[in-house]
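Comments concern the structure below.
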Amino acid sequence: MSAWPSTGQDAGQDAGQDAGAGADPDAGADTALHVLGPLEQIPVGEGRAFAVAGEQVAVFRLRDGTFRAVSAVCPHKGGPIADGTIDQSEVVCPLHQHSFELATGCSTTGAGPLRSYAVSTDSGGNIVLQLPKPPAPANPTE
Ligand code: FES
């Protein structure tokens with residue numbers, strides 16, 4: 171007879187560790203910073219689309235030199251927001267001309283809202299986008 175004491179409790183419970191990719195010490199607890207490259211890649215008065223951490227983001231360089239970032243896919247019928255025309259405060263979707271506030275993403279013409287993101291430039295002349303971190307995976311306690 172072999173009667174080894176057995177714990178019987180070693181069925182794996184995941185530790186719930188995070189992926190650790192792209193961790194940025196400068197970001198806040200709920201956001202991550204993403205460097206998108208040199209600001210010169212976006213001509214003044216235009217926008218460019220970026221794929222960042224699973225998000226499609228349209229970044230615009232305004233005539234006053236500041237940047238704005240909103241989601242890149244129009245909530246109306248999927249138009250390319252980065253190809254829209256802008257002034258200092260709004261972008262107009264090129265497909266059906268719905269208009270959105272660049273600061274908030276809210277539509278001024280009755281469409282659903284775009285998401286808006288914080289964007290800035292760093293001391294090296296790069297565009298830096300701030301995205302919310304995805305929620306942590308649920309950690310089963312039982
Ligand atoms: S897809 Fe943007 S206004 Fe229709």
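Position one of the sequence shown corresponds to residue 171 (our numbering), numbered consecutively onward.
The beta carbon of each residue, even a glycine, is placed where N, CA and C say it ideally should be.
| query | result |
| --- | --- |
| From what residue to what residue does the beta strand (DSSP E) around residue 296 run? | 296 to 302 |
| Assign residue 210 to one of three DSSP states: helix, strand, or coil. | helix |
| Report the three-state DSSP secondary structure of residue 288 (helix, strand or coil). | strand |
| Which of helix, strand or coil does DSSP assign to residue 223? | coil |
| So is residue 233 buried or exposed if we call it buried at 16+ other beta carbons inside 10 Å? | exposed |
| Please return the same chain residues whose Cβ sits closer than 7 angstroms to the Cβ of residue 279, not counting the five positions on each side in sequence. | 268 and 269 |
| From which residue to which residue does the beta strand (DSSP E) around residue 241 run? | 237 to 241 |
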